[in-house]
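Undergrad:
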Amino acid sequence: MFYEISNTVKPVDYREINSESIYVGIITLKELDEIYEFFDFSESTLTTCRSENKNIQNTIAVYDDYSFGIINVIDSKDIHKSPDKVAFYIMSNLFLIVDIFDEDKSTISALDMVLARTKQNKATLEKIIYNFLSRLIFEENIEIENLELKISKLEKRVFSNEIKNFNDELLLIQKKLSTMRNYYEQLANIGEDLMENENDIFQDENLRYFKMFTNRVDRLSNNIQMLREYVSQVREAYQAQMDYNINNIMKVFTVVTTIFLPLTLIVGWYGMNFKFMPEVTWRYGYLGVVFLSIAVVIFCIIWFKKKKLM
Numbered sequence: 144m145f146y147e148i149s150n151t152v153k154p155v156d157y158r159e160i161n162s163e164s165i166y167v168g169i170i171t172l173k174e175l176d177e178i179y180e181f182f183d184f185s186e187s188t189l190t191t192c193r194s195e196n197k198n199i200q201n202t203i204a205v206y207d208d209y210s211f212g213i214i215n216v217i218d219s220k221d222i223h224k225s226p227d228k229v230a231f232y233i234m235s236n237l238f239l240i241v242d243i244f245d246e247d248k249s250t251i252s253a254l255d256m257v258l259a260r261t262k263q264n265k266a267t268l269e270k271i272i273y274n275f276l277s278r279l280i281f282e283e284n285i286e287i288e289n290l291e292l293k294i295s296k297l298e299k300r301v302f303s304n305e306i307k308n309f310n311d312e313l314l315l316i317q318k319k320l321s322t323m324r325n326y327y328e329q330l331a332n333i334g335e336d337l338m339e340n341e342n343d344i345f346q347d348e349n350l351r352y353f354k355m356f357t358n359r360v361d362r363l364s365n366n367i368q369m370l371r372e373y374v375s376q377v378r379e380a381y382q383a384q385m386d387y388n389i390n391n392i393m394k395v396f397t398v399v400t401t402i403f404l405p406l407t408l409i410v411g412w413y414g415m416n417f418k419f420m421p422e423v424t425w426r427y428g429y430l431g432v433v434f435l436s437i438a439v440v441i442f443c444i445i446w447f448k449k450k451k452l453m
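Okay, so the sequence shown: first residue is 144 according to our numbering, each after it adds one.
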């Protein structure tokens with residue numbers, strides 16, 4: 144579907160496109176296969192769109208008469224979900240979106256919202272592109288706030304010593320932050336490439352829109368970096384708590400060992416059964432050893448408490 148943006152936004156056939164108006168289009172990969180020769184798009188761009196390689200980075204390629212870009216739009220709420228895949232062509236008066244993979248129809252929804260809010264008499268190609276790209280990151284601040292809240296809850300759990308499954312949860316957050324940071328950095332690169340206007344398809348006075356987009360993405364990236372540092376601090380607090388717990392356990396073992404060491408000596412001493420040991424034949428020898436052992440334990444406990452080791 145193609146739209147002409149003049150006094151109104153109206154659907155047009157791609158064959159009706161001329162240099163007098165601004166046009167926006169959204170098509171499927173199959174439709175691109177049918178019309179790419181009409182717009183003289185490079186076949187290599189079509190090959191890139193067809194590629195099922197999930198490691199293709201978000202990037203822009205600049206040609207003489209147009210720019211071609213591709214974006215894997217991640218869902219920051221669920222990074223394990225397959226990202227939407229969107230390609231786009233930008234000519235001097237055309238912004239063409241190729242909806243390659245869009246399970247939740249978010250790409251179409253984003254464009255519909257952009258067109259609905261476009262003031263026809265003030266519309267420029269650069270502004271439309273800026274509005275569309277901005278819709279891709281529209282709710283990112285909300286997710287960043289949610290992540291900060293999750294990290295804060297993990298921090299509280301550390302200080303209350305509720306650390307069950309702590310590492311698993313922290314690793315998931317770290318992975319998500321890393322994915323989001325890479326995504327934002329690639330979007331920032333796209334904004335910078337658009338701002339360079341290498342093939343002169345944009346008006347110089349409107350390049351500020353791409354600067355605005357790049358700044359927004361940079362702020363998101365900076366927020367992610369701050370959260371990564373926050374996660375590192377929480378991990379250090381967790382490690383300190385673990386060390387403290389281990390020290391307490393070792394302290395208990397040391398105290399128990401120290402208390403029962405004299406008992407081991409007593410048992411070993413009186414267990415030798417030499418012939419002329421007077422306690423062996425003494426009527427109250429057994430009870431004497433028992434009371435001696437109890438006295439030693441009580442003395443050790445009192446001494447450890449006095450030294451604040453218990």
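The beta carbon of each residue, even a glycine, is placed where N, CA and C say it ideally should be. Since the structure is predicted, the reported quantities are computational estimates derived from the model, not experimental observations.
(1) When you compare only the Cα positions, how much space is there between residue 328 and residue 396?
(2) Short of 6 Å in beta carbon distance, which residues of its chain neighbour residue 273, apart from the five on each side in sequence? Order them along the chain.
(3) Check for me: the beta strand (DSSP E) holding residue 428 runs from which residue to which?
(4) Is DSSP giving residue 160 helix, strand or coil here?
(5) Which runs of the beta strand (DSSP E), 3 residues or longer, sit entirely within the region 305-381?
(6) Pull up the distance between the alpha-carbon of residue 244 and that of residue 383, whole angstroms please.
(7) Determine which residues share a DSSP beta bridge with residue 166 and list them.
(8) If contact is defined by three or more beta carbon pairs under 8 Å, each pair taking one atom from either stretch, is the region 314-331 in contact with the region 208-228?
(9) Thinking residue 268 and residue 165 are a contact (beta carbons under 8 Å), I'd like their distance in whole angstroms, please.
(10) Tell me whether residue 226 sits in a helix, a strand or coil according to DSSP, three-state version.
(11) Could you tell me how far apart the beta carbons of residue 306 and residue 209 are, in whole angstroms, since I believe they sit closer than 8 Å?
(12) What are the partner residues of residue 153, as DSSP defines its beta bridges?
(13) Suppose you measure from the CA of residue 443 to the CA of residue 402; what does that come to, to the nearest Å?
(14) Look up residue 214 in the DSSP assignment and give the residues it is bridged to.
(15) Which residue's Cα is closest to the Cα of residue 155: 149, 145, 162 and 161?
(16) With three or more C-beta pairs closer than 8 Å as the rule, is the region 225-239 touching the region 293-310?
(17) Among the residues of its own chain, which have a CB less than 8 Å from the CB of residue 256, if the five just before and after it don't count?
(18) Please report the straight-line C-alpha distance between residue 348 and residue 250, rounded to a whole angstrom.
(19) DSSP on residue 250, reduced to helix/strand/coil?
(20) According to DSSP, is residue 207 helix, strand or coil?
(21) Under DSSP, the alpha helix (DSSP H) around residue 267 begins and ends at which residues?
(22) Which class does residue 281 belong to by DSSP, given the choice of helix, strand or coil?
(23) Closest Cβ-Cβ distance between residue 172 and chain B: below 8 Å?
(24) List the endpoints of the continuous alpha helix (DSSP H) containing residue 178.
(25) What's the gap between the Cα of residue 176 and the Cα of residue 370?
TA: Result, derived from the coordinates:
(1) Along the sequence shown, read from residue 1 onward, the residue named residue 328 stands at position 185. Along the sequence shown, read from residue 1 onward, the residue named residue 396 stands at position 253. Whole-angstrom Cα-Cα distance: 51 Å.
(2) Within the sequence shown, the letter at position 130 stands for residue 273. The residues are 352 and 356.
(3) In the sequence shown, the residue the question calls residue 428 occupies position 285. Per DSSP, residue 428 lies in no beta strand (DSSP E) segment; the continuous alpha helix (DSSP H) that holds it begins and ends at 428-449.
(4) Indexing the sequence shown from 1 puts residue 160 at position 17. Coil at residue 160, not helix or strand.
(5) Correct list: empty.
(6) In the sequence shown, residue 244 corresponds to position 101, counting from 1. In the sequence shown, residue 383 corresponds to position 240, counting from 1. Each residue's alpha carbon lies about 46 Å from the other.
(7) Counted from its first residue, the sequence shown places residue 166 at position 23. Partner(s): 147 and 237.
(8) Contact between the region 208-228 and the region 314-331 is established, with three or more Cβ pairs separated by less than 8 Å.
(9) Within the sequence shown, numbered from 1, the residue matching residue 268 stands at position 125. Within the sequence shown, numbered from 1, the residue matching residue 165 stands at position 22. Residue 165 and residue 268 do touch by the CB rule: their CB atoms are close to 5 Å apart, below 8 Å.
(10) Working through the sequence shown from its first residue, we reach residue 226 at position 83. In this structure, DSSP gives residue 226 a state outside helix and strand, which the three-state scheme calls coil.
(11) Locating residue 306 in the sequence shown gives position 163, where the first residue counts as 1. Locating residue 209 in the sequence shown gives position 66, where the first residue counts as 1. Between residue 209 and residue 306 the Cβ distance is about 55 Å, and since that is not below 8 Å, they are no contact.
(12) Here residue 153 refers to the residue found at position 10 of the sequence shown. DSSP, once it has assigned bridges, lists 147 as partnering residue 153.
(13) Locating residue 443 in the sequence shown gives position 300, where the first residue counts as 1. Locating residue 402 in the sequence shown gives position 259, where the first residue counts as 1. It is roughly 6 Å from the alpha-carbon of residue 443 to the alpha-carbon of residue 402.
(14) Here residue 214 is taken as the residue at index 71 of the sequence shown, counted from 1. DSSP output for residue 214 lists 229 as bridge partner(s).
(15) One-based indexing of the sequence shown puts residue 155 at position 12. With respect to the C-alpha of residue 155, the residue from 149, 145, 162 and 161 having the closest C-alpha is 145.
(16) No, the region 293-310 does not touch the region 225-239.
(17) Taking the first residue of the sequence shown as 1, we reach residue 256 at position 113. So the qualifying residues of the chain are 278.
(18) Here the question's residue 348 lines up with position 205 in the sequence shown. Here the question's residue 250 lines up with position 107 in the sequence shown. When rounded, the distance between both Cα atoms is 28 Å.
(19) Within the sequence shown, numbered from 1, the residue matching residue 250 stands at position 107. DSSP places residue 250 in helix when its eight states are reduced to three.
(20) Your numbering for residue 207 matches position 64 in the sequence shown. Coil.
(21) Taking the first residue of the sequence shown as position 1, residue 267 is located at position 124. Careful: residue 267 lies outside any alpha helix (DSSP H) and carries neither H nor E.
(22) Taking the first residue of the sequence shown as position 1, residue 281 is located at position 138. In the displayed model, residue 281 falls within coil according to three-state DSSP, outside both helix and strand.
(23) No chain B is present in this structure, which holds just one protein chain.
(24) By one-based count along the sequence shown, residue 178 stands at place 35. 172-178 is the span of the alpha helix (DSSP H), which, as asked, contains residue 178.
(25) For this step, residue 176 is matched to residue 33 along the sequence shown. For this step, residue 370 is matched to residue 227 along the sequence shown. As the crow flies, the alpha-carbon of residue 176 is around 43 Å from that of residue 370.
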